[in-house]
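Residue numbers (the working numbering): 1 to 154. From the three backbone atoms N, C-alpha and C, an ideal C-beta is built for every residue, glycine too. See structure below.
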Amino acid sequence: MKVGLIGHRGAGKTTIFNMLTGLQARVGGFGGREEVHLGVIKVPDGRVDRLSEIFKPKKTTYAEIRFTDFPPRQGDDNLKSNDALVTQMREVDAIALVLGDFEPGADPLKDLNDLLTEMILADMTVVENRRARLKKEKARPQEEALLERCAKAL
Numbered sequence: 001m002k003v004g005l006i007g008h009r010g011a012g013k014t015t016i017f018n019m020l021t022g023l024q025a026r027v028g029g030f031g032g033r034e035e036v037h038l039g040v041i042k043v044p045d046g047r048v049d050r051l052s053e054i055f056k057p058k059k060t061t062y063a064e065i066r067f068t069d070f071p072p073r074q075g076d077d078n079l080k081s082n083d084a085l086v087t088q089m090r091e092v093d094a095i096a097l098v099l100g101d102f103e104p105g106a107d108p109l110k111d112l113n114d115l116l117t118e119m120i121l122a123d124m125t126v127v128e129n130r131r132a133r134l135k136k137e138k139a140r141p142q143e144e145a146l147l148e149r150c151a152k153a154l
């Protein structure tokens, strides 16, 4: 399973990433960098241990969770970086939104709404681009109907 950690600068994404993975990635708002931190943990499972005892395989493989600590969004002036970030986010199975409430005047509810709005807008862009391509191709009524329902839901 792949889990992506997203949130605004200083929300605590990398701190949570370090806690979950046992790694020591540098914290502090990424310092303007665009790097992504990756970490993998094995999920201990007593059932796997028991089966391993019974069947004595050459190798015992536990489930893994892959954590991705995404850099914060770069702002409207760097849309190319934001598009790349959205593309990377689409590769994870689950997204964990990290909200900070550490600074005076912090508004985690506003941050949550901002992040959700950005994700919805990114999804709407995908739907609209696909609808535009469908108009140029042969008619696919089922896909057009599906995209129409997606657009309404967003």
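query, result
"What are the start and end residues of the alpha helix (DSSP H) that includes A11?", "Counting along the chain, A11 falls outside any alpha helix (DSSP H), and DSSP gives it neither H nor E."
"Can you tell me which of G10, I41, V3 puts its alpha carbon nearest to the alpha carbon of D107?", "G10"
"How about I95 and I65: do their beta carbons lie closer than 8 Å?", "no"
"Please state whether the Cβ-Cβ distance between G12 and G100 is less than 8 Å.", "yes"
"Which residue marks the beginning of the alpha helix (DSSP H) containing K152, and which one marks its end?", "141 to 153"
"Less than 7 Å between C-beta atoms, sequence neighbours within five positions excluded: which residues of the same chain meet that for K97?", "The question names Lys, yet the displayed sequence has Leu at residue 97. Within the same chain, L97 has close Cβ partners I6, G7, L112, L115."
"Per the contact definition of three or more C-beta pairs closer than 8 Å, is the stretch 143 to 152 in contact with the stretch 121 to 131?", "yes"
"To the nearest angstrom, how far is the alpha carbon of L20 from that of L146?", "38 Å"
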